[in-house]
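Chains as they are written, first to last, in the working numbering: chain A, 324 to 990; chain B, 398 to 556.
See the structure below:
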């Protein structure tokens, strides 16, 4: 193996010095790679951007997938990317022999006829989408610039990577359904096979015409056109489409999800079934338009979209009598009126909504007008399952963090779900999650706040702490080994715990009790209590994860906790504790270390002993002082006492002498 | 109060009457005592302290010096002649006044000895106390001496 190779799971060698720019993706650079078992096979490895969440679950599901119309996933894993001196996720595919169809959506190609298109693209792609659907994985990255020629003769067209970024992230708006296009690209959500089929329709137009008629159109302009005249008309932009393809395209590009063709219907079409092309079903128009921010809107979808974009002025529109009149008299859509009554309330209720709640009012109103559209709050348009990836990708943007926090605190998800005709089980789980999030979001302590939300909404993203970011850890089990390496770094920060690590641990390991996290926000000035709490948490993680010894981390803690040892007043005990700490640090067992520092009884005994010693020392000092005074006044005392002693001595001597004299004379 | 004063006065009168009566019948002894106990009388007059330690000190020794001659007087001839002959003997004066001088000597020397004893005892005690304080500092660090205050988790090293 050559030097500098990045090894993925001992199966693939990636050469960071051999970039393959023609395969680059917006969020992942491509590099040449070789399989260790089959060195002849040419592979392409994508080194992913660390802040862009991978589709981890789908990567697992797609292992071993052998669809003929999809770049074959060979391996994936976290590798040490030496040029960037960090670990990165790397996804390895078989390299399509014919290269990329186009690098940019503005490029043109030789148009394909319907027979080529069906045989070399549509048939294999439908089979692949069916197989992927069976695995529960939508592609969600089908776009003209993500198509490849599978063979050197450039006949077979296959789909490119879909797993290195969240679904739909890099898709231009024209490839996305209206519901997805109206969402911010970072918050489009998972979507489904119907979204893939719509994108296939867009790709078919491109392949048929050899160009993309709408690539230069502004996103908002295209959305408005799709709403106004339907996707088919908007995307073909007057280009001539063969009659036999029109039925297929109208079916795939239907803006009504229930009417959009399924894989089965496409397969029937391939099999020769021909029907009259369906006309686009446009949203019902109101008798008169509703003016929002100077623009007239004559249908609910357009009005809802405009409200979301012009949220600062939309509240006044919702409050106005004109909106109520438009809704009830001009639109005459009972379902929409019922939705507005349910979610927004009557005009009297709306009039009393405080000014501070205007953004929420706009969110609820736009949701009620167009329940299938993304949720829109303060200009942030998202699908519920797109909030997590959006937060992950833009976590460093304060304004977006705040918008997402407001969105979560607004508790819109429950209301939005009550408007949905069909409920998905995964959305029910998300609702339950979103319902719990405000409790964690609104706590300011370490382990809570927006960081906790980040990890709660993204099951697989790596811990973003500056301490361990370069190690790209996605599981709590990897935290202690990463911290062990971080502890050995010269540029390590002052504390081994931060908000990200705590939030990551809390979100990923529900077995660890919340009280361990609350202790991390202790208010002691010295910081010893917080450091002890951090040690306690790491000790639990080490025990739970059955990690090996971590002597560097333990040594770091023992350095930080020197003040805790100095707390022991008794010098002998302090030395004994220091010796025990050193022993525990060398062993690398954090629990052992914490047991020493956390022995509150020993601390209490020491404090009581110290108090007694202090008292005794003072007492001795007082006695010494008193005796010194006595010494200074010795003459006076001696005089006083000496006279008494003299009197007694004389009395005793005299008595003895007299007795002796009397006895002498008597004998 | 009045009753108590009256009783004391009566007791004193009775005692003086008894002593006076006895003195009348033992005049040679009284004379010998009068002469021999002169140092005690002087000590009593010069002793300004209420407790009369000097008087007691000199008196005890003085009486011991007078006692042999009183016994001689009583045992040989309790007469004026014998009393005068004893008083006339310089040895008698030497013994009686020498004993009184010894009383004075005790009175003057005792405070010095007592002072020395007090000093020694205090110094020994101070040494013991200081030793104990050093032990406490060695065991608990300089903070225990109060000079280096620390509430908890002090940063003073092992001292």
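The C-beta atom is built at its ideal place from N, Cα and C for all residues, glycine as well.
All values reported here derive from a predicted model rather than from experimental measurement.
One or two residues paired with residue i in a DSSP bridge
i, result
"residue 620 of chain A", "A:613"
"residue 699 of chain A", "A:704"
"residue 416 of chain A", "A:367, A:396"
"residue 358 of chain A", "A:335"
"residue 330 of chain A", "A:336"
"residue 593 of chain A", "DSSP, once it has assigned bridges, lists no residue as partnering residue 593 of chain A."
"residue 409 of chain A", "A:404"
"residue 353 of chain A", "A:369"
Whole-angstrom C-beta distance between residue j and residue i, which should lie under 8 Å
i, j, result
"residue 707 of chain A", "residue 750 of chain A", "6 Å"
"residue 634 of chain A", "residue 702 of chain A", "6 Å"
"residue 604 of chain A", "residue 582 of chain A", "6 Å"
"residue 366 of chain A", "residue 332 of chain A", "Incorrect: roughly 13 Å between the Cβ atoms, too far for contact."
"residue 640 of chain A", "residue 615 of chain A", "5 Å"
Residue burial classification, residue i (beta-carbon count within 10 angstroms, cutoff 16)
i, result
"residue 817 of chain A", "exposed"
"residue 554 of chain A", "buried"
"residue 823 of chain A", "buried"
"residue 988 of chain A", "exposed"
"residue 476 of chain A", "exposed"
"residue 902 of chain A", "exposed"
"residue 487 of chain B", "exposed"
"residue 985 of chain A", "exposed"
"residue 408 of chain B", "exposed"
"residue 681 of chain A", "buried"
"residue 521 of chain A", "buried"
"residue 472 of chain B", "exposed"
"residue 390 of chain A", "buried"
"residue 469 of chain A", "buried"
"residue 895 of chain A", "exposed"
Cα-Cα separation, residue i to residue j
i, j, result
"residue 451 of chain B", "residue 440 of chain B", "6 Å"
"residue 585 of chain A", "residue 393 of chain A", "19 Å"
"residue 425 of chain A", "residue 575 of chain A", "22 Å"
"residue 907 of chain A", "residue 915 of chain A", "6 Å"
"residue 408 of chain A", "residue 376 of chain A", "20 Å"
"residue 910 of chain A", "residue 531 of chain B", "37 Å"
"residue 663 of chain A", "residue 725 of chain A", "27 Å"
"residue 890 of chain A", "residue 790 of chain A", "29 Å"
"residue 927 of chain A", "residue 514 of chain A", "60 Å"
"residue 555 of chain B", "residue 538 of chain B", "Legend: pLDDT at residue 555 of chain B = 33, less than 50; position of this residue unreliable, value from coordinates given subsequently. One C-alpha to the other measures close to 6 Å."
"residue 303 of chain A", "residue 647 of chain A", "Because chain A here runs from 324 to 990, residue 303 of chain A falls outside it and cannot be looked at."
"residue 493 of chain B", "residue 527 of chain B", "51 Å"
"residue 453 of chain B", "residue 947 of chain A", "36 Å"
"residue 447 of chain A", "residue 630 of chain A", "42 Å"
"residue 507 of chain A", "residue 717 of chain A", "12 Å"
"residue 344 of chain A", "residue 624 of chain A", "40 Å"
"residue 656 of chain A", "residue 572 of chain A", "29 Å"
"residue 759 of chain A", "residue 670 of chain A", "31 Å"
"residue 996 of chain A", "residue 879 of chain A", "Missing from the structure shown is residue 996 of chain A; chain A here goes from 324 to 990 and no further."
"residue 618 of chain A", "residue 731 of chain A", "30 Å"
"residue 304 of chain A", "residue 983 of chain A", "One cannot answer for residue 304 of chain A here, as it falls past the ends of chain A, which runs 324 to 990."
Short Cβ contact (9 Å threshold) for residue i with residue j
i, j, result
"residue 976 of chain A", "residue 458 of chain B", "yes"
"residue 950 of chain A", "residue 519 of chain B", "yes"
"residue 851 of chain A", "residue 884 of chain A", "yes"
"residue 831 of chain A", "residue 794 of chain A", "no"
"residue 384 of chain A", "residue 459 of chain A", "yes"
"residue 944 of chain A", "residue 511 of chain B", "no"
"residue 492 of chain A", "residue 349 of chain A", "yes"
"residue 490 of chain A", "residue 461 of chain A", "yes"
"residue 969 of chain A", "residue 503 of chain B", "yes"
"residue 819 of chain A", "residue 806 of chain A", "yes"
"residue 397 of chain A", "residue 335 of chain A", "yes"
"residue 873 of chain A", "residue 810 of chain A", "yes"
"residue 711 of chain A", "residue 780 of chain A", "yes"
"residue 485 of chain B", "residue 463 of chain B", "no"
"residue 480 of chain B", "residue 972 of chain A", "no"
"residue 403 of chain A", "residue 329 of chain A", "yes"
"residue 632 of chain A", "residue 699 of chain A", "yes"
"residue 772 of chain A", "residue 840 of chain A", "no"
"residue 705 of chain A", "residue 697 of chain A", "yes"
Closer than 8 Å: residue i CB and nearest the ligand MG heavy atom
i, result
"residue 589 of chain A", "Judged by which ligands are present, the structure shown has none, so any question about the ligand MG falls away."
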